[in-house]
Amino acid sequence: MRLAAIDIGSNAARLLITDVISGPQGIPEFIKVVLIRVPLRLGFDVFDKGEISAAKVEKIIKTIKAYKLLLDVYEVKHLKACATSAMRGAANADEIIKKVKSETGIQIHIISGVEEASFIYENHIAENMNTAESYLYIDVGGGSTELTFFSDNKLIFKESFNIGTIRLLKNQVNEAAWDEMKELILKKTKGYHHVTAIGSGGNINKIFSISRRKDGKALNLDLLRDYYKEFSNLSLTQRISFYKLKEDRADVIVPALLIYINVMRWADAQEIFVPKIGLADGLIHTLYEEVRLQEAAG
Numbered sequence: 027m028r029l030a031a032i033d034i035g036s037n038a039a040r041l042l043i044t045d046v047i048s049g050p051q052g053i054p055e056f057i058k059v060v061l062i063r064v065p066l067r068l069g070f071d072v073f074d075k076g077e078i079s080a081a082k083v084e085k086i087i088k089t090i091k092a093y094k095l096l097l098d099v100y101e102v103k104h105l106k107a108c109a110t111s112a113m114r115g116a117a118n119a120d121e122i123i124k125k126v127k128s129e130t131g132i133q134i135h136i137i138s139g140v141e142e143a144s145f146i147y148e149n150h151i152a153e154n155m156n157t158a159e160s161y162l163y164i165d166v167g168g169g170s171t172e173l174t175f176f177s178d179n180k181l182i183f184k185e186s187f188n189i190g191t192i193r194l195l196k197n198q199v200n201e202a203a204w205d206e207m208k209e210l211i212l213k214k215t216k217g218y219h220h221v222t223a224i225g226s227g228g229n230i231n232k233i234f235s236i237s238r239r240k241d242g243k244a245l246n247l248d249l250l251r252d253y254y255k256e257f258s259n260l261s262l263t264q265r266i267s268f269y270k271l272k273e274d275r276a277d278v279i280v281p282a283l284l285i286y287i288n289v290m291r292w293a294d295a296q297e298i299f300v301p302k303i304g305l306a307d308g309l310i311h312t313l314y315e316e317v318r319l320q321e322a323a324g
């Protein structure tokens, strides 16, 4: 079965095409076929002016048209397309969604922050880890951060905060927002044993790649602090040059590290696993379940 997901975030839009095959004991295996990322940077419009500019709307249309061609070439029959924080806050979001639908045939759904957290959790990464642990999923985007926490295989809470990398770059996150996040984490994780973080999003994936850790090995909080200090002391040009970062990654990686560090500190998590999953992967898992149920129902 071939499935696809489109994730339109505040920093970039992604197309993920995945094959799902039947593995041992009939457990589905998800094989990544294509992942394409286009840095639309919608948050820079929305968090400043409250809407997406005509120039950016044109880029969205062109991107979705390009994705549509790829979906046709790869003969994808099932697609889930979602938009997150920037589109949630854009006054002209409904108009853009209608335009995309009429010009490409693709229906984009704007999802809430809590829905976003749920989709990310659909990757069920922690289920393959130690069930006696407590795990905190941290997904950092351009416009928001989604947290999902569970202990002893029980979901304890999921929450979304309007604290994201682009909002931080635009100085649009006040102390009250940080305090709200801190208080919730302290309150909701209190009394639960040993918390380990699970990180998703392009920035933590890039840090993991720079660290040269082997897949499956965790990064520790001190290492994130070291990277935060190092990147903060480099200019944008130096970050691009020294670490071979794309420009649209080099500016957001510092605020992203700050968010991961703060969340881990407040949850008393010393390690973070980086399984290289994100919202698009979660959308694929959800879509698979939906298609499977439809086929079973005949």
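Heads up: the sequence shown begins at 27 in the numbering used here, then just goes up one per residue.
No residue lacks a Cβ here, since even glycine has one placed at the ideal position from N, Cα and C.
Note that the coordinates shown come from a computational prediction; the quantities given were computed from them, not determined experimentally.
Anyone know if the C-beta pair for residue i and residue j falls short of 8 Å?
i, j, result
"Ile-146", "Gly-308", "yes"
"Ile-34", "Met-113", "yes"
"Ile-224", "Tyr-163", "yes"
"Arg-40", "Ala-306", "yes"
"Lys-88", "Leu-68", "no"
"Phe-234", "Val-300", "yes"
"Thr-215", "Phe-175", "yes"
"Asp-45", "Val-59", "yes"
"Leu-245", "Glu-297", "yes"
"His-219", "Ser-160", "yes"
"Thr-171", "Ile-137", "no"
"Leu-284", "Tyr-253", "no"
"Ala-107", "Ile-134", "yes"
"Leu-194", "Asp-277", "no"
"Met-207", "Leu-247", "no"
For the alpha helix (DSSP H) that residue i lies in, which residues bound it at each end?
i, result
"Tyr-253", "247-258"
"Ala-306", "305-323"
"Ile-189", "Segment: none, Ile-189 is in no alpha helix (DSSP H) and carries neither H nor E."
"Leu-212", "201-215"
"Glu-129", "119-130"
"Lys-106", "First-last for Lys-106: 104-109, but that is the beta strand (DSSP E), not the alpha helix (DSSP H)."
"Glu-141", "139-147"
"Gln-264", "262-269"
"Tyr-26", "Residue 26 lies beyond the range of the chain shown here (27 to 324); nothing can be said about it."
"Arg-275", "273-276"
"Gly-69", "69-75"
How would you label residue i, buried or exposed, when you count the other beta carbons within 10 angstroms and need 16 or more for buried?
i, result
"Val-102", "buried"
"His-311", "buried"
"Thr-263", "exposed"
"Glu-72", "According to the sequence displayed, residue 72 carries Val and not Glu. Buried is the call here."
"Pro-50", "exposed"
"Lys-75", "exposed"
"Glu-129", "exposed"
"Val-199", "buried"
"Ala-322", "exposed"
"Lys-232", "buried"
"Gly-217", "exposed"
"Gly-9", "Any answer about residue 9 is impossible in this case: the structure gives the chain only from 27 up to 324."
"Gly-304", "buried"
"Gly-52", "exposed"
"Glu-142", "buried"
"Val-140", "exposed"
"Leu-313", "buried"
"Leu-271", "buried"
"Leu-173", "buried"
"Leu-250", "buried"
What is the residue span of the beta strand (DSSP E) that residue i lies within?
i, result
"Arg-40", "39-48"
"Ile-225", "Per the sequence presented here, residue 225 reads as Gly, with Ile not at that position. Note, Gly-225: beta strand (DSSP E), 221-226."
"Pro-281", "No beta strand (DSSP E) contains Pro-281, which is instead part of the alpha helix (DSSP H) from 279-293."
"Ser-177", "171-177"
"Leu-162", "160-166"
"Ile-32", "28-34"
"Ile-298", "297-299"
"Leu-61", "54-64"
Could you round the C-beta distance between residue i and residue j to whole angstroms and report it? I think they count as a contact, below 8 Å.
i, j, result
"Ile-86", "Leu-66", "6 Å"
"Ile-236", "Tyr-286", "That belief does not hold up - the Cβ atoms of Ile-236 and Tyr-286 are roughly 14 Å apart, past 8 Å."
"Glu-273", "Ile-266", "6 Å"
"Glu-77", "Asn-118", "5 Å"
"Gly-228", "Arg-275", "7 Å"
"Ala-295", "Thr-222", "6 Å"
"Ile-32", "Leu-96", "Not confirmed; about 10 Å, so no contact."
"Leu-132", "Lys-94", "It is worth fixing the name first, because residue 132 is Ile in this sequence and not Leu. Contact holds; Cβ gap of about 6 Å."
"Glu-57", "Tyr-100", "For clarity, residue 57 is Ile in the given sequence; the question names Glu instead. Between Tyr-100 and Ile-57 the Cβ distance is about 13 Å, and since that is not below 8 Å, they are no contact."
"Val-126", "Ile-182", "Going by Cβ atoms, the distance from Val-126 to Ile-182 rounds to 37 Å, so no, they are not a contact pair."
Check the Cβ-Cβ distances between residue i and every residue of chain D, and say whether any is below 8 Å.
i, result
"Val-126", "Absent from the structure is chain D; it holds one protein chain and no more."
Are there any heavy atoms of the ligand ADP lying less than 7 Å away from the beta-carbon of residue i, as far as the coordinates show?
i, result
"Lys-124", "No copy of the ligand ADP appears in this structure; indeed no ligand is present at all."
For the segment 201-216 against the segment 181-192, do three or more pairs of beta-carbon atoms, one drawn from each stretch, fall closer than 8 Å, so that the two count as touching?
yes
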